[in-house]
Amino acid sequence: QVQFVESGGGLVQPGGSLRLSCAASGSISSIYMGWYRQAPGKQRELVAKITQYGITIYEDSVEDRFIISRDSAKNTVFLQMNSLKPEDTAVYYCNDVLAPMGSGWGQGTQVTVRS
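As structure tokens, this is what we get:
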């Protein structure tokens, strides 16, 4: 199974930007990829996804602020996060949208938005 390693998180002020990266251990060319997040005390949620063909879909709260992209040649998926809000604070994970338990979950990357 392909494994994923997330990076790029950090502490940012409201209105700031971050770019997350997800490096895969194998080919992602046929994988429907997504970025998830889990805030303290809340369930993990899918916030952005991108098909094998580059079609993107976003959860309402991040629409127009986040951009998901993929570089299948480099087996990497990105999440550009703009206009960040305190409610975006969470641990962010990437995974196969159709079979997340197949690959398991990585360690994630912490995003903290505060003044």
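Residue numbers (our numbering): 23 to 137.
Don't be surprised by glycine CBs; every beta carbon is placed ideally from N, CA and C.
Being a predicted model, the structure only gives us computed values, none of them experimental.
CB of residue i within 8 Å of CB of residue j, strictly
i   : j    : result
V69 : L106 : no
S91 : I72  : yes
S94 : S51  : yes
Cβ neighbours of residue i in the same chain (closer than 7 Å, five flanking residues each side left out)
i   : result
N10 : Absent from the model: residue 10. The displayed extent of the chain is 23 to 137, so no value can be given.
Top-ranked residue by Cα proximity to residue i, from the options
i    : options                : result
P108 : L33, T131, G48, C44    : L33
C44  : L120, Q102, T111, S137 : Q102
T131 : L120, T111, P122, S91  : T111
S39  : S49, F88, V119         : F88
V119 : E85, K96, Y80, D86     : Y80
N97  : Q35, Y54, M123         : Y54
P122 : G37, P36, R66, P62     : R66
Endpoints, alpha helix (DSSP H) assigned at residue i
i    : result
G124 : 122 to 125
Same chain, Cβ closer than 8 Å to residue i, neighbours up to 5 away in sequence not counted
i   : result
R41 : G30, F100, L101, Q102, M103
Element boundaries [beta strand (DSSP E), containing residue i]
i    : result
T131 : 131 to 135
N117 : 112 to 118
E28  : 26 to 29
S91  : 88 to 93
Y58  : 55 to 60
Other residues of its chain near residue i: CB distance less than 6 Å, five sequence neighbours each side excluded
i    : result
V113 : Q60, G130, Q132
G48  : V24
Neighbour flag for residue i against chain B, beta carbons, 8 Å
i   : result
S83 : In the structure shown, chain B cannot be found, because there is only a single protein chain.
Beta-bridge partners of residue i, as assigned by DSSP
i   : result
T78 : I72
G32 : V133
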